[in-house]
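Engineer: Read in order, the letters of the sequence shown are residues 9 to 101 in the working numbering. Sharing a structure here in C-alpha cells format.
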Amino acid sequence: MIKNIFFALLLSLSLAGLTMADVESVDINTATAEQLADTLVGVGAARAEAIISYREEHGPFNHADELVNVRGIGLRTVDRNRDRIALEASDSD
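Spelled out as C-alpha cells, the structure:
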C-alpha cells in the first residue's frame with residue numbers, strides 16, 4: 009500500500025512539474041530562422057524563413073496576429089503559439 013501511495017505521489021509531482029514549466033518564448037522580430045523553428049509549434053525551417061522574409065520586406069511585427077500574413081502561417085498556428093510569441097518593445101512612443 010505504501011508503495012502505491014509513493015508511486016501516486018511521484019506521478020502527481022511529475023505531472024505538476026510539466027504543467028508549471030515555463031514555456032520558452034521567441035521574439036518574432038529578432039529571432040533567427042533556427043530559433044523560430046525550434047520554439048514555435050508547427051513552424052519548420054521553411055515557415056521560419058518565410059517569417060524572416062516577410063519581416064524584412066514589411067518591417068517588424070506589431071502584433072502576433074500579423075503572422076497570418078506570412079504564407080503558410082494560419083490563425084491556428086498563431087493561436088497554438090501565443091504563449092511562445094514575444095514582441096520586442098517598440099521605441100516609437
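For every residue, glycine included, the Cβ atom is placed at its ideal position computed from N, Cα and C.
Identify whether V34 lies in helix, strand or coil by the three-state DSSP scheme.
Structural biologist: In this structure, V34 counts as strand in the three-state DSSP scheme.
Engineer: DSSP three-state call for L26: helix, strand or coil?
Structural biologist: The pLDDT assigned to L26 is 48, lower than 50, so where the model puts this residue is not dependable; a value taken from the coordinates is nonetheless given after this. Correct three-state label for L26: helix.
Engineer: Just the Cα atoms here: how many angstroms apart are Y62 and D46?
Structural biologist: Computed Cα separation, rounded: 19 Å.
Engineer: Cα-Cα, which of V86, R79, V78, E64 is closest to A72?
Structural biologist: With distances taken between Cα atoms, A72 lies closest to V86.
Engineer: Can you give me the C-alpha to C-alpha distance between P68 and N37, rounded to a whole angstrom?
Structural biologist: The alpha-carbon atoms of P68 and N37 are separated by roughly 5 Å.
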